[in-house]
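full-length UniProt numbering applies: residue 1 is where the sequence shown begins, and numbers increase by one. These notes concern the structure reproduced below.
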Amino acid sequence: MDAQASTAHHAEQWSPSPDASDLVKSIHAMLHPRNIVLVGATDKPGNYAERIWNNLIKYKYEGGLFPVNAKRETIWGVPCYKDFASLPEKPDHVLVLVPARFAVQVIRDAAAAGARSATIVTSGFSELQDEESQRLAVELKQAVKETGLAVTGPNCLGNLSAGEKLFTNIDDRIVTMEAGPVAIVGQSGAIVMAIRQTLEDRGVGVGYMVTTGNETGLETPDLMAYFAADPSIRVIVVYLEGVRNTKVFREACKAARAAGKPVIALKLGASEGGRAAAMAHTGALAGSIETFDAISTREGVIRVRGLDELIETTECFVHADPPKGNRLAAVSLSGGKRGLLIDAFYSAGMNFAPLSANATAQLAQMLGPGSIVGNPLDAGFAAVVDPSVYMKSIKIMIDDPDTDIVIIDAELPKAPHELRERNLRIVNEMAGDANKPVVYISAMSIGFTEFTKALRKSLPNIAVMQGLDRAVGAIKSLIEYSSLRKEVPDIVSSSKASARAMLEKTLKAAGGAAALDEVASKKLLKAYGIPVSKEEIAQTAPEAVKIAKKIGFPVVAKVVSADILHKSDIGGVVLNLNSPAEVKKAFNDITARVKKIKSKPKLEGILIAQQVKADLELVVGASLDAEMGPVVLFGTGGVDIELLKDVALAGAPLDEAEAKQLIAKTKAGVKMKGYRGKPALHEASAVKALVGLSNLMADADTRIASIDVNPFLINSKLGVAVDGLIVLNNAAANKAAGH
């Protein structure tokens, strides 16, 4: 038997346009190669190389297949080649199966021989912490960069391109491989493969599956951008351990959104343990899940919280177009199930719409006693005994112009059942003609038999969901996605040149300090348009009294020291000073307390500030997330901030419209509108503060670690920052934080 040479195996298929990016073109070459070369071919039973070879033969890959091993003349009954030069044709896609210490040279040799892409299955790089592995990781990254090859891995398990019958993966348990509208990409081969198999068991075909491993070359967002461009793909599923390049990730999300393709993401790092696991597995650095949600949701990403939810959400998006509105309708044959539907959807913030008068009249006339005519509909006894009545009930609900999505409470049969099969096919036909999604929901998760799988595949126009709670989450995501604009304009910093100049001057003056003191922080905040309280710094008690008289009583006295980040903890803040004598005493008391501190912090003075009468204490802040970059925060502030946890996040920079949306997500935002008859508070000042903070973080790039304005006091006439702390992102700050 000869090694399998290339044939004209490519059916008519999509190819990137000439003006497509080089990245898209290179990934296309990787997933649609002319041939595949296995470097490190060995026929040891169970070896990765043998498994991959068997899969390529099993699924009848039609391109060239060439094993390479300098010590073998034949293997698997075909010729084995010593190196790239001895191949009968130029290599295209190279599978690297040699030990880690040889992988770098294989990549360089492959590129020199004309290969366009490679998959490095080999492990032993950045996922290990020893010096040799780290050195190899650096060398491999340099080789990939210099050669320009499209590379997945190392430490990955291979890829699937169903249209090409290409399965360069080690999994030898797969029974079927059917092309479909879903593309899956992720760093964990085991998780990605499990997702693919489960989706296929549910009748959802997977067109592409890519495992990226350590992502030395191609990263998950690169594949997302390719899937956004490929018209055969409708839904993009990603498993993320970390986001290395926020800008590239956001651009990939935007491309998917513009193409109308939802990105369904399972993100590791919802806990401290999960973030540590991400680092241990692939060296990925994970930030907070709240920040990921704040930024990725804006870009149209749907984050799921587990594999089961991922499967249901994917099933929903594959078989249900986003509805035109949020008006739910449901049909059941059980009063109990009807109650469960109401509880589940209302708890998730969704409502069942009143049916139109015409639909209500038709149903009431047809169903009679034993039914509950309403929404959800309990079609009752009449529909149970007469299947045609059941079908007519569903048709009336689908045709009702006052509903946007129709839910049917029923599960698929596990064995042949003529009546149920006929009903399903009738509803599938109705759904194909409808202008709204039709979704079957089984209240409990019920396993699919081989019969169920085959039946499900014959019903392409309906979504079939398993488990009420997960189905509710998926439908909510479908509705929310339908309300998103396909394109969201990029928001850039709207700061003034004078503010940016003040930023540079302030950071330069800070030198290597871990943080700016309150005075410097507030000057910078003020330059960015953030309202701050009237205040001056005093060096002596008489000067403090003079400042207080100028500002007007009552005033606040606060310690000023870059070495004291939390002033209240050392008694460095005194409120409600209503006379010169009280100001003088506060000045002397704070000074004495500072002198008693063992670390001998540098005292730069005592700040005398206007005391604002507040109706509400807010927190406005910002931070630099390890993964997602700058983010702003808004919510209920004061000493109870950690107890109440009433905060919301958004990516920076943001504009006034997004600032208002951020405020509206919190209980503080509800209070600001005028809660229980109280006057509305000065929202404009909070909006101005949020926009200013977001501009400051964007302009600083990565030089500011966090900004904390707590409290930001607000009443019906104004809002001001009465405290401010800016922590810098430098060695001193990282040391202080214990990093």
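Every residue, glycine too, gets a C-beta built ideally from N, C-alpha and C. It should be emphasised that the depicted structure is a prediction, and the values quoted were computed from it without experimental measurement.
Where the alpha helix (DSSP H) through residue i begins and ends
| i | result |
| --- | --- |
| Val594 | Pro580 to Lys595 |
| Glu504 | Ala497 to Ala510 |
| Pro387 | Pro387 to Asp399 |
| Ile663 | Glu656 to Ala664 |
| Leu690 | Glu683 to Ala700 |
| Ser26 | Asp22 to Leu31 |
| Asn55 | Tyr48 to Lys58 |
| Ile570 | Segment: none, Ile570 is in no alpha helix (DSSP H) and carries neither H nor E. |
| Arg108 | Ala100 to Ala112 |
Cα-Cα separation between residue i and residue j, rounded to whole angstroms
| i | j | result |
| --- | --- | --- |
| Asp568 | Ala509 | The question names Asp, but residue 568 in the sequence shown is Ser. C-alpha separation (whole angstroms): 26 angstroms. |
| Leu681 | Asp640 | 20 angstroms |
| Ala111 | Gly63 | 19 angstroms |
| Phe381 | Ser332 | 11 angstroms |
| Phe448 | Glu683 | 54 angstroms |
| Arg173 | Thr198 | 13 angstroms |
| Val204 | Phe66 | 32 angstroms |
| Ala491 | Arg338 | A small fix is needed here, since residue 491 is Ile in this sequence, not Ala. Going by the C-alpha atoms only, they are around 45 angstroms apart. |
| Val39 | Val472 | 48 angstroms |
| Lys596 | Glu642 | 29 angstroms |
| Lys688 | Asp400 | 46 angstroms |
| Arg250 | Ala20 | 18 angstroms |
| Ile530 | Ser494 | 13 angstroms |
| Gln661 | Ile295 | 13 angstroms |
| Leu355 | Leu728 | 58 angstroms |
| Ala721 | Val182 | 49 angstroms |
| Val98 | Leu56 | 19 angstroms |
| Ser442 | Leu718 | 53 angstroms |
| Glu309 | Ile233 | 20 angstroms |
| Ala361 | Ala330 | 17 angstroms |
| Asp723 | Glu518 | 7 angstroms |
| Leu285 | Glu429 | The predicted position of Leu285 is uncertain, since its pLDDT is 48 and thus under 50; no value can be drawn from it. |
| Phe167 | Ile52 | 7 angstroms |
| Ala259 | Ala252 | 11 angstroms |
| Gly148 | Lys457 | 41 angstroms |
| residue 742 | Ala344 | Since the displayed the chain opens at 1 and closes at 739, residue 742 lies outside it and no answer follows. |
| Gly242 | Lys267 | 8 angstroms |
Pair within 9 angstroms by beta-carbon distance, residue i and residue j
| i | j | result |
| --- | --- | --- |
| residue 783 | Gln610 | The structure shown does not extend to residue 783, since the chain is modelled only from 1 to 739, so the question has no answer here. |
| Asn69 | Tyr61 | no |
| Ile120 | Ala103 | yes |
| Leu618 | Asn715 | no |
| Gly300 | Ala256 | yes |
| Leu95 | Val151 | no |
| Val556 | Leu577 | yes |
| Leu649 | Val670 | no |
| Gly621 | Thr246 | no |
| Leu696 | Leu525 | yes |
| Leu264 | Val210 | Per the sequence shown, the amino acid found at residue 264 is Ile instead of Leu. No, the Cβ-Cβ distance between Ile264 and Val210 is not below 9 angstroms. |
| Asn155 | Ser123 | yes |
Sheet register partners of residue i (DSSP bridge)
| i | result |
| --- | --- |
| Ala118 | Val94 and Val151 |
| Leu455 | Bridge partners of Leu455: none, in fact. |
| Ala329 | Val406 |
| Gly651 | Val631 |
| Ser442 | Gln466 |
| Pro79 | Thr74 |
| Gly719 | Ile714 |
| Ile174 | Answer is none; Ile174 lacks a bridge partner. |
| Lys267 | Leu240 |
| Asp708 | Gly621 and Leu725 |
| Leu166 | Ser161 |
| Leu516 | Ile726 |
| Val560 | Gly605 |
First and last residue of the uninterrupted beta strand (DSSP E) at residue i
| i | result |
| --- | --- |
| Glu251 | Run containing Glu251: none in the beta strand (DSSP E); it sits in the alpha helix (DSSP H), Thr246 to Ala258. |
| Pro67 | Gly64 to Val68 |
| Leu575 | Val573 to Leu577 |
| Val373 | Unbroken run through Val373: none, as it is neither H nor E. |
| Ile491 | Where Ile491 is concerned, there is no enclosing beta strand (DSSP E), given that its DSSP letter is neither H nor E. |
| Ile36 | Asn35 to Val39 |
| Leu484 | From DSSP, Leu484 is part of no beta strand (DSSP E); its letter is neither H nor E. |
| Leu419 | Careful: Leu419 lies outside any beta strand (DSSP E), inside the alpha helix (DSSP H) at Glu418 to Asp433. |
query: Fully enclosed by the UniProt domain "ATP-grasp" (522–558), which alpha helix (DSSP H) runs are 4 residues long or longer?
result: If we require 4 residues or more, the alpha helix (DSSP H) runs fully inside the UniProt domain "ATP-grasp" (522–558) come out as 541–551.
Runs of alpha helix (DSSP H) lying entirely within the segment 293–360, each at least 4 residues, in chain order: Segments of the alpha helix (DSSP H) lying fully in the segment 293–360: 307–319 and 335–347.
- request: Return the chain-ordered ranges of every alpha helix (DSSP H) run that is complete within the segment 599–649 and spans a minimum of 4 residues.
  value: Runs found: 641–644.
- prompt: In chain order, which beta strand (DSSP E) runs of at least 3 residues are fully inside the segment 177–265?
  reply: 182–186, 206–211 and 235–240, all fully within the segment 177–265.
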